[in-house]
Amino acid sequence: MSINEWWRDLPEERYWMIAPSKGIVGEALSAPKTADDRRFEWSHELVGYTEPGDTIFVWDRTLPTPGIGAWGRVLGPLGEEQRVRNGSSLPHWRMPVSDTLRLATPITITALRRIGSDIVSVRDDVESLTDGPVYFPFIGSPDTLVPAPGYLTKIPRDLVALLSSRFGFEFAL
């Protein structure tokens, strides 16, 4: 298995969403590396495709209403580390990141569903231009949007622009 790098030749596509289990990113993105095709996990493998300067948004399920609660930058360089789990040493991707900054007002799942049709339109547009998976951060219909089940997902630039215009934060696009 391999990752569909639909963004590779599009330098403006430098956005990601991480969904850490406790809402905290820490000092690095870290995920197990694939040892073989039987253990391929695309949301872990995406860590190896992040680059210094990329923006990461943090999905925080610890908020009173879960949502995008913070953002940070990928610092790099990409490396590997060994982690021991259940007595076995496993290779992990390790990509250093900046401290995350809290959004003044988190973008809750309720707020995202209010613009769900626009979010789904962005997803549909990206999928129509891409052969293979796009690793979009949300699944479902406009009214049932939820974060994709994964550690790291790819946010298209057009989704960042939509969120920026609707929720009042600015990023250099």
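Okay, so the sequence shown: first residue is 1455 according to the working numbering, each after it adds one.
C-beta atoms are modelled at their ideal positions from N, C-alpha and C, and glycine is treated no differently.
These figures come from a predicted structure and were not determined experimentally.
DSSP bridge partner residues for residue i (one or two, in chain order)
i, result
"Ile1569", "None, per the DSSP bridge assignment."
"Asp1514", "Gly1521"
"Ala1485", "Trp1547"
"Val1528", "Val1551"
"Trp1470", "Ile1510, Lys1608"
"Ser1542", "Arg1539"
"Pro1603", "Bridge partners of Pro1603: none, in fact."
"Gly1534", "Looking at the sequence provided, one finds Glu at residue 1534 rather than Gly. Answer is Trp1547."
Cβ neighbour criterion (16 or more within 10 Å) applied to residue i
i, result
"Ile1478", "exposed"
"Glu1467", "buried"
"Ser1543", "exposed"
"Leu1627", "Low local confidence applies: a pLDDT of 48 at Leu1627 is under 50, so the model's placement there is unreliable, with the coordinate-based value given in what follows. Leu1627 should be labelled exposed."
"Pro1610", "buried"
"Thr1598", "exposed"
"Gly1622", "exposed"
"Arg1556", "exposed"
"Leu1464", "exposed"
"Thr1504", "buried"
Proximity test, residue i beta-carbon vs the ligand COA heavy atom, cut-off 6 Å
i, result
"Thr1509", "Looking at this structure, you won't find the ligand COA or any other ligand, since it has none at all."
Rounded distance between the beta-carbons of residue j and residue i, thought under 8 Å
i, j, result
"Val1551", "Leu1483", "6 Å"
"Lys1608", "Val1588", "7 Å"
"Ile1522", "Tyr1605", "With a Cβ gap of about 15 Å, Ile1522 and Tyr1605 do not count as contacting."
"Phe1592", "Val1600", "7 Å"
"Thr1554", "Val1512", "6 Å"
"Arg1567", "Pro1596", "7 Å"
If you scan the segment 1547–1596 from start to end, which runs of the beta strand (DSSP E) of 3 or more residues do you find wholly inside it?
1555–1562
Inter-stretch contact at 8 Å, needing at least 3 Cβ pairs: the segment 1535–1550 / the segment 1561–1574:
no
For the pair the segment 1519–1534 and the segment 1457–1466, tell me if three or more CB-CB distances fall below 8 Å.
no
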